[in-house]
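Add 39 to a position in the sequence shown, counting from 1, and you land on the number used in the working numbering. Comments concern the structure below.
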Amino acid sequence: MKIATIVGARPNFIKLAPVSKQIRERDIDEVIVHTGQHYNYEMDRIFFDQMGIAAPDYHLGIGSGSHAFQTGEMLKKIEEVLQKEEPDAVIVFGDTNSTLAGGLAAAKLHIKCAHVEAGLRSFDKRMPEEINRVLVDHCSDLLLCPTQTAVDNLKREGIVENVHLTGDVMVDAQKDCERIAQSESHIIESLGLEIGDYYLATVHRASNTDDPQNLRAIAQALLELDDVVFPCHPRAEKCLREFGLWEDVSRKVRVIKPVGYLDMLVLEKNARKIVTDSGGVQKEAYLLGIPCITLRESTEWTETVDDGWNILVPPGEDIASAIREFQPRHERQDVFGKGRANAMIVDLVERLAGPGGS
Ligand code: UD1
Ligand code: UDP
């Protein structure tokens, strides 16, 4: 049996790690296709190196560009690879342009496609990822949902067949790396941080970075806080520089390059609070029990808000006060599963890809 896994951006690599491990443990032939959407060492290779992911069999080298350029180029090149390799199934992860291109290319070639992290919805169509999620879910043959909310979202759109609640692969990734992160990461010492006494910030959503007013409001809020560590996504760096905010922010805030997954887990675990617009980081904050302030109007990880561990604060509001004042009230629930989503996912993909699979 041959399975093609298609990835391209940082969150895709993190979700691939536990799934690829499981595929290889079963001696299934895996072909890893990397679109090249992310390419800086700290956005790309570091995750393969640290998480033990095999080097991609195909690197398509697409790089940055507009949505249409990126998705179109990926679609053409992924199609060529799939035609050559003829896998029994394709797996795509999350909601990036690489996910959409992989899902569409497979569907048009009538290759069975499994979507890991199916059913997520923010109900905000201005978010490019929301469009990717909806389209990939509607062209996939196997819908692998991290939460019951995701299963319910698909049901509302009429998708009820081949929908499975697997739990979240990011729980698996975290469990796999927690111990090694503890022993191998020295980020707390090297940045001279006090445990539990700093804010961790990440910002990269287009709606925040590309809009000067929103980015200025976020920068202003970070400047009002003491001890902020900000692993800065290249998109945010580019926009901070373009809007003349870089000098001020980097003078007061500890702006660092994006960090690898091991350092990130340690930074998250020891933070006083996390300020983010990332999907994955919101979820990790919840899993680690760190209060999270999300700089957005909506979230696809609604359970984190419903349970009172995450609040939505769009850049138009008083972000700094919200960050200072927010205190979670309730117990956390076990909404993302206990780990081992990867085993269930590969069981289901094997069934899909096997003779007569559906
Ligand atoms: C993409 C995903 C987003 C995900 C994010 C994770 C889409 C539509 N968006 O957003 O869902 O949350 O990745 O990080 O797929 N850049 C570099 N080097 C890199 C990567 C990016 O310099 O290695 C810069 C380029 O200027 C590029 C910009 O960042 O134009 C945006 O990159 P892109 O992959 O288009 O979108 P992200 O914002 O990273
Ligand atoms: N992450 C990381 N280093 C960083 C920032 C984020 O390893 O500097 C990890 C984070 O721990 C999470 C994932 O990247 O596992 C989230 O990806 P990202 O924020 O890029 O995208 P999103 O989840 O919003 O799609």
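Glycine included, each C-beta is placed from N, C-alpha and C at the ideal position. Since this is a predicted model, take the numbers as computed values, not measurements.
In this structure, M166 has its beta carbon at no less than 8 Å from each heavy atom of the ligand UDP.
In the structure shown, L284 falls within a coil segment according to DSSP collapsed to helix, strand and coil.
Distance check between E124 and each of V72, E156, A220 and Y78 places V72 closest, using alpha-carbon atoms only. A Cβ-Cβ contact shorter than 9 Å links L181 with L387. The three-state secondary structure of L279, taken from DSSP, is helix. When rounded, the separation of the alpha-carbon atoms in K214 and V374 is 16 Å.
The count of Cβ pairs closer than 8 Å, one atom from the segment 98-118 and one from the segment 69-89, reaches three, so the stretches are in contact. Annotation for L148: no alpha helix (DSSP H) segment contains it, and DSSP assigns it neither H nor E. By the beta-carbon neighbour count (other beta carbons within 10 angstroms, threshold 16), I329 is buried.
Sixteen is the threshold: since fewer than 16 other Cβ atoms of the shown chains lie within 10 Å of the Cβ of L230, the residue is exposed. Boundaries cannot be given for N309, as no alpha helix (DSSP H) includes it and DSSP labels it neither H nor E.
Under a 10 Å Cβ-count criterion, S179 is classified as buried, with 16 or more other Cβ atoms of the shown protein chains found around its own Cβ. DSSP places R335 in no alpha helix (DSSP H); its state is neither H nor E. Residues Y238, A240, L261 and V292 of the same chain have their beta carbon placed closer than 6 Å to that of V267, with the five preceding and five following residues left out of the count. Going by beta carbons, V305 and I313 fall outside the 9 Å limit. Under the 8 Å Cβ criterion, the segment 275-286 does not count as touching the segment 197-210, having fewer than three qualifying pairs. The alpha carbon of D88 has as its nearest neighbour, out of I170, G299 and T135, the alpha carbon of G299. Only residues of its own chain outside the window of five on either side were considered, and among them I62, I67, D68, E69, V70, P126, D127, A128, V129, I130, V388 and A392 have a CB closer than 8 Å to the CB of I42, listed in chain order.
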